[in-house]
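For the sequence shown, position 13 (counting from the first letter as 1) is numbered 13 according to the working numbering, and the numbering increases by one without interruption. Notes follow the structure.
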Amino acid sequence: MEGRLPAHLEASAIMRLAQSQGGFAAVLEKGEHDAGTILLVTLCRGTGAVLYERMPQLDGSRSFVAAKRENKENPTEFSEYLTRRRAQDRDLWLVEVDIADPERFVAALNEYR
């Protein structure tokens, strides 16, 4: 089993990577300092929110996978979902990244793991 980065370091690394690629990143919710789960919300120019969370893969790795997409007909559904997730697990970290190519950004994150 691989060692795992503490959650606060991983959140910081995600933010720095986004900023190095010309994007904006912010921690919206801080969870447990070392062992919290990280949820990643990606945007492109403030729209098209997608929630990613780490899921176990067949090879034993844990990659970010799209778990929820913003519904244009019901935009509040996405934020309500995030609120429910936060209520279920107070250890969650919620990191938001607004970047030109969110899919490429997430693919790069998955390569680092």
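The beta carbon of each residue, even a glycine, is placed where N, CA and C say it ideally should be. This structure is a prediction, so every number in the text was calculated from the model and none was measured.
For A18, the three-state secondary structure derived from DSSP is helix. DSSP places A108 in the uninterrupted alpha helix (DSSP H) bounded by P102 to Y112.
Excluding its 5 nearest sequence neighbours in each direction, E32 has C-beta neighbours in its own chain below 6 Å: D91, listed in chain order.
Minimum Cα-Cα distance from T76 among the listed residues E10, A35, T47 and M15 corresponds to T47.
Nearest Cα to R69 within the set S61, I14 and S79: S79. Spatial neighbours of F105 in its own chain (CB-CB distance under 6 Å, excluding positions within 5 residues in sequence) are listed in chain order as I99.
In the DSSP assignment, E96 falls within the beta strand (DSSP E) that extends over W93 to D98.
With a 10 Å radius around the Cβ and a threshold of 16 neighbouring Cβ atoms, A7 comes out buried.
The beta carbon of A49 sits closer than 6 Å to the beta carbons of V41, L43, E70 and F78 from its chain, once the five residues preceding and following it are set aside; these are given in chain order.
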